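First comes the structure, then the notes that go with it.
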Amino acid sequence: MKLRLFTLSALAAGLLLGTAAQAQENEPVQPIPAAVVTDPARVELGKKLWFEPRLSRSGFISCNSCHNLSMGGTDNIRTSIGDRWQEGPINSPTVLNSSLNLAQFWDGRASDLKEQAGGPIANPKEMAFTHELAMEFLSSIPEYKAEFKQVFGKDDFGIDEVTSAIAAFEETLVTPDSRFDLWLKGDKKAITDQELAGYQLFKGSGCVACHNGPNLGGTSFQKMGLVEPYQTTNPAEGRAAVTGKDADRFNFKVPTLRNVELTYPYFHDGAVNTLTEAVDTMGRLQLGRSFTAEENAQIVAFLKTLTGKQPEITLPILPPSRDNTPRPVPFGS
């Protein structure tokens, strides 16, 4: 009798799991998978390089300056501040879950995280270094030389190894187990009635045409201002700057909505500070729809359920400079 009860309980549990899995498959959004680390030494080296300000001309700016892991992987300002307080050309997208994007940067000019990682180091408006100076800096420090040899198995290293390590670290910056993910997995009490109504409205209004999949975005390029033109003073051209095609003008990579409560201000120009305004703008410009105050509040409530478990980072202790290490130039020409 006990065996029969156990068998029936197991069968019921299996049916529930099967039903939850089927419901998940029917949704246009899927849960974020947890990070799987296969090379912890490479990730640890990449973390050091991520927080290393001496990879910049000023010795002050690191990857984390514009993609602050304490602030949703962004800097929460309209456009980032670069070398000698230069204003960046575009809003800094979150690095969280960026490994799920089809390409990197708003215009998709980098195909993956490895290609992206080398850009800011040499950009005169960002870290304003050169790849050659970056190698000179790293090679002057015995601890870095030893760590690169341990990770890559050779004495010599260059920008390819640097970007490979940074990308490995970035791949761990995922945010699973948001309340919405728990709902997708079968916990129907994980979100409120208002939040569920917001999700249904999000689906029914057509938002999921662009914001779908595990990352709720990041998998396509779309024109900003389909129904009405988007008014901005920001000069960014979108994909046209990469392809040279006028038809791609103002086409940008669809941003992820994961952790969107944390990643303000919004849009490529960072012109919108609140989710309420962002939902209103996107409804009008992309869908030709004016949401009521109640509908807007429901969608915003849903969007806030997308905040996942943030990466828990132990700050690395960086090795000291040596006598022959190039010194920073924070103020001079």
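Under mature numbering (1 follows the signal peptide of the UniProt record, and there is no 0), read the sequence shown as residues -23 to -1, 1 to 310, first letter to last.
Backbone N, C-alpha and C define an ideal beta-carbon position, used for all residues, glycine too.
On a predicted model such as this, the values are computed, not experimentally measured, just so you know.
- The closest CA to that of Ser39, considering only Glu138, Ser298, Phe229 and Asp60, is found on Asp60.
- Counting the other Cβ atoms within 10 Å of the Cβ of Asp164 gives fewer than 16, which makes it exposed.
- Per DSSP, the continuous beta strand (DSSP E) segment holding Asn228 begins and ends at Asn228 to Lys230.
- The C-beta of Leu292 has fewer than 16 other C-beta atoms within 10 Å across all chains shown, which makes the residue exposed.
- Straight across, the Cα-Cα distance linking Pro30 with Asn3 is about 45 Å.
- Beta-bridge partners of Tyr243 (DSSP): Val249.
- For Lys131, there is no enclosing beta strand (DSSP E), as DSSP marks it with neither H nor E.
- Burial is judged here by how many other beta carbons sit within 10 angstroms of a residue's own beta carbon; Phe157 has at least 16 and is buried.
- Note that the C-beta distance between Pro288 and Leu77 is not below 8 Å.
- Short of 7 Å from the beta carbon of Thr209, and not among the five residues preceding or following it, lie these beta carbons of its own chain, in chain order: Asp246 and Ala248.
- Under the three-state reduction of DSSP output, Gly215 falls in the strand class.
- Here Gly221 is exposed: its Cβ has fewer than 16 other Cβ atoms, across all protein chains shown, within 10 Å.
- Using a Cβ distance threshold of 8 Å, Leu239 and Gly194 do not count as a contacting pair.
- Scanning Met104, Lys281 and Lys25 for the CA closest to the CA of Cys43 turns up Met104.
- The three-state secondary structure of Gln177, taken from DSSP, is helix.
- A straight line joining the alpha-carbon of Leu252 with that of Tyr241 spans about 8 Å.
- Judged by DSSP secondary structure, Gln275 falls within the alpha helix (DSSP H) whose first and last residues are Ala270 to Lys281.
- The closest CA to that of Ser298, considering only Glu64, Leu115, His108 and Leu73, is found on Leu115.
- In this structure the region 196 to 207 does not lie against the region 141 to 156, because fewer than three pairs of beta carbons, one per stretch, are closer than 8 Å.
- In summary, Gly130 is exposed, with fewer than 16 beta-carbon neighbours lying within 10 Å of its beta-carbon over all protein chains present.
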